[in-house]
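S.K.: Quick one: the structure is below, questions incoming.
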Ligand code: FES
Ligand code: FES
């Protein structure tokens, strides 16, 4: 019987009602008295020198309040980068300035040149069109390998080159890795592209800045996954506003997928301008603007080599990646191809020697940063593709080759600096075989062939690392922030609880799942627990939601704070029942004295804390409110096995996804319904990357896929029903809930399954195709088949 | 400025708008009906779907002036006065057919229109009908399942949750 409440149950989501009835409170739904609107004039060239800006005519247009240019931001800070990577020579990365509005130069299509603030959005837009910019166009740097050639045009004149860093990991192992390759019985090599993507949460970004003259406080309402991080970065580094004079609110947020982690120029602009003109200033991104101003994801060009011995054991792995940073360093950009990528290169396998080289490159394109999975999809894709290719070259079953090389003993220290606490990769592979009905594939292939279609089966594994931590370690790796999470649990006098969490929900359902944990701990109904998030004014300093960290890190902070609450409540209960604290038990929302029928209800204990008439005042303070900051001891390591079946139309090259199955090990599960939903969404994004999506620049730096007309988002008829399972459970050993995180797995695990399946389909027809780069559009597949 | 008048969610509504004002802008900015969302500027995403004279329409693709005299229904009209969700809304909640909720108003309005024309659509018919509604969160699994459930079909065989 499934549980109907507490941990492991799937109660309906409480946030749904407001979203289903149209009363959600998204940032664009916020309108402040007297607000003005900003429209950004953005560069339409990828690289150019601004010789002059004439806004005289524009300033005289109806409704214009003020026009800002880079000159207004001299003396204002640069948009900061939150992670400093050290290169293989021990030198810090090259770190260019990133102005709020362009200072003399534009470096990508979409770079903001000027900002028009007017009484209506239409007036602001009209006036922006009347601004004259004298722009001297410069050669654009688009191709990464060309960008790092001697003599290439520089994106930033004050840097020595377009190379941000050249990172080697683990540099000391390089010699041993090279030697293993020279001794290998077989080497499989694969060159591939991890295609540039646009995260595309359905809600475009919005910022509303406000300034209160009476107390000198600034408020920013913004579409963010981490309001405290924005407050710190913008307040301390850009605008110089102390935290106690700056409030950042991220209300209902319509999806993030990473791209709403980062601090953006528009946020700083609206906050700055609101004070300058003494009116609230609102910016609502159009989708077209989002394509050229939201940080993009992925964009790696990689060569990977796998060495095997005569018994098909993996002996070494070597990879070289060019990672696009775009024109500026977005908040966490440098960490994505390095610490979120190199550390995952062991995957599920006991490969003893690994060397990862990453060259991060500046180009005249939109900045690139974390997108769902961030580094881990890039690691998984290249590893699972090269393993598949090796199996085909050696003529062995790809699943058997994987199983033979699986890590089977835990904890396991990889050669890339991380230690997996738990996992059972054979268990998820067994489960996958069952739910994907692998044994029935031959019959399904025969059926497809009867219909003139090629059928392919692709299987892969993945490992991810979530809950990036601990803070002192990530500090050594270059993070300029801590990566703990916080929670304040406030118990009200009549027993209800409010949890103020630093985590942020933008679709993950925290308002439903977090109370399940507390309900389980205290034995009360979930309806007695309310979750508050998204406002720096009423939540403790927390790092927000990304990297599948909310339950593993934020949930753990909430558990720790609740434990403190329970400990104090136990003391009060002992006093009320005149018993020894050691004998007090908490069960089903009541404290009782072991071995007696004495008990006192949760609500009565809470009331006693706030009406302390009969209360141990000499021992403990009144009130019942606790805060905990939880800093994890290690990453968590979800893992799993994925399977995709495709049909390929040999006449057109069109690929259809016939089935998709995912067997994941997320550790303990709090809400299975929400977990499945997270996996579904991740798989669709992975299928999107594999078959449909691609942010494509031409050689002049124009983004060719800059709207939904050209950037193919997955639609309902591009995907099937998925079969997902998370019954394989190896609990995380180092957080109190034993949870591992589930938000990114689907997007990490699915692209290689799709590509493996298409290669399998083509090879089944005797085609000599070993790889096709994503997205596997009909034209690419057709060309590969007929090439 | 043009004066437009229409019925919105059963009540008379009017306002002065520019010729270029979209129906979505009129609903959101003039009437404060912020349940209708705007997710794109190329008529692709469907977050803005409302009913105009009973038909599903992307409110970002018609001018407010074009809806003059029309009977418009938005997401805010779909639950009963006492808050009871309609069958589609309830099925979306029951089957976890939404995550961030941003596409949801458009999805619900499209689904209601679909079921009016086709009371028992197949999976393929639902997927084809939703071509114009993009959801980035759910992978569509639970949206399709919810619409099938709302139409009274047995969805217990479709993978759990
Ligand atoms: S806002 Fe109307 S279709 Fe996207
Ligand atoms: S629920 Fe977020 S876009 Fe559909």
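Chains as they are written, first to last, in this note's numbering: chain A, 8 to 794; chain B, 7 to 167. C-beta: ideal position from N, C-alpha, C; glycine also.
#1: Let me know if residue 711(A) comes out buried or exposed under the rule of 16 or more other beta-carbons within 10 Å of its beta-carbon.
#2: Only counting the same chain, and skipping five residues up and downstream in sequence, which positions put a Cβ closer than 6 Å to that of residue 398(A)?
#3: Alpha carbon to alpha carbon, what distance is there between residue 208(A) and residue 301(A)?
#4: Quick one: what does DSSP say residue 33(A) is sitting in, helix, strand or coil?
#5: Measuring only between beta-carbons, confirm whether residue 208(A) sits less than 7 Å from chain B.
#6: With a CB to CB cut of under 8 Å and the five nearest residues on each side skipped, what residues in its chain are close to residue 75(B)?
#7: Answer with yes or no whether the minimum CB distance from residue 123(B) to chain A is below 7 Å.
#8: Report the residue ranges of all beta strand (DSSP E) runs contained in full by the segment 348-379 of chain A; include only those spanning at least 3 residues, in chain order.
#9: Only counting runs of 3 or more residues, tell me where the beta strand (DSSP E) segments fall wholly within the segment 484-539 of chain A, in order along the chain.
#10: Which of the residues in the segment 259-279 of chain A, read from start to end, lie with their CB under 9 Å from any CB of chain B?
#11: Is it the case that the CB of residue 209(A) approaches a heavy atom of ligand 2 more closely than 6 Å?
#12: In whole angstroms, what separates the C-alpha of residue 463(A) from that of residue 650(A)?
#13: Start and end of the beta strand (DSSP E) containing residue 553(A)?
#14: Could you tell me which of 714(A), 754(A), 657(A) and 662(A) sits nearest to residue 772(A), measuring between CA atoms?
#15: Would you give the residue range spanned by the alpha helix (DSSP H) that residue 452(A) belongs to?
#16: Less than 6 Å separating the Cβ of residue 354(A) from some heavy atom of ligand 4?
#17: Which residues in chain A have a C-beta closer than 7 Å to the C-beta of residue 114(B)? List them in chain order.
#18: Just checking my contact of residue 213(A) with residue 299(A) at CB under 8 Å: how many whole Å lie between their CB atoms?
#19: Compare the C-beta of residue 733(A) with all C-beta atoms of chain B and state if any pair is closer than 7 Å.
#20: Hey, which unbroken runs of the beta strand (DSSP E) at 3 residues or more fall wholly within the segment 99-164 of chain A?
#21: Using 7 Å as the limit for Cβ to Cβ distance, is residue 41(B) near chain A?
#22: Relative to the C-alpha of residue 98(A), which candidate in 173(A), 533(A) and 195(A) has its C-alpha closest?
#23: Can you find a C-beta in chain B that's less than 7 Å from the C-beta of residue 604(A)?
#24: Hey, which residues come within less than 5 Å of ligand 2, measuring from Cβ to any heavy atom, in chain order?
#25: Where DSSP assigns a beta bridge to residue 567(A), which residues make up the other side?
#26: Output, in chain order, the set of chain B residues within a Cβ distance shorter than 9 Å of residue 726(A).
#27: If you scan the segment 194-262 of chain A from start to end, which runs of the alpha helix (DSSP H) of 4 or more residues do you find wholly inside it?
#28: Grab me the residues of residue 286(A)'s own chain with a C-beta within less than 6 Å of its C-beta, minus the 5 sequence neighbours each way, in chain order.
#29: Which residues does DSSP pair with residue 56(A) in a beta bridge?
#30: Just verifying my parser: in three-state terms, what is the DSSP assignment at residue 844(A)?
#31: Thinking residue 717(A) and residue 430(A) are a contact (beta carbons under 8 Å), I'd like their distance in whole angstroms, please.
#32: How about the segment 491-500 of chain A and the segment 545-561 of chain A: do they share at least three Cβ pairs that are nearer than 8 Å?
#33: Please confirm whether any heavy atom of ligand 1 lies closer than 6 Å to the CB of residue 749(A).
#34: Along the chain, where does the alpha helix (DSSP H) that runs through residue 131(B) open and close?
#35: Of the residues 789(A), 418(A), 680(A) and 238(A), which one's Cα is nearest the Cα of residue 659(A)?
#36: Cα separation between residue 620(A) and residue 634(A)?
M.R.: This is what the structure gives:
#1: exposed
#2: 405 and 408
#3: 10 Å
#4: strand
#5: yes
#6: 11 and 12
#7: no
#8: 360-369
#9: 492-498, 504-508 and 536-539
#10: 259, 260, 261, 262, 263 and 264
#11: yes
#12: 10 Å
#13: Neither: residue 553(A) is in no beta strand (DSSP E) and is coded neither H nor E.
#14: 657(A)
#15: 448-457
#16: As far as ligands go, the structure on display features ligand 1 and ligand 2 and does not contain ligand 4.
#17: 27
#18: Rounded, the Cβ-Cβ distance is 16 Å, inconsistent with contact.
#19: no
#20: 119-125 and 139-144
#21: yes
#22: 173(A)
#23: no
#24: 209(A), 262(A), 104(B), 105(B), 106(B), 108(B), 109(B), 141(B), 142(B) and 143(B)
#25: Answer is none; residue 567(A) lacks a bridge partner.
#26: 133, 145, 146 and 147
#27: 234-239
#28: 41 and 43
#29: 112(A) and 143(A)
#30: There is no way to answer for residue 844(A), as the model of chain A reaches only from 8 to 794.
#31: Going by Cβ atoms, the distance from residue 717(A) to residue 430(A) rounds to 41 Å, so no, they are not a contact pair.
#32: yes
#33: no
#34: 129-135
#35: 789(A)
#36: 25 Å
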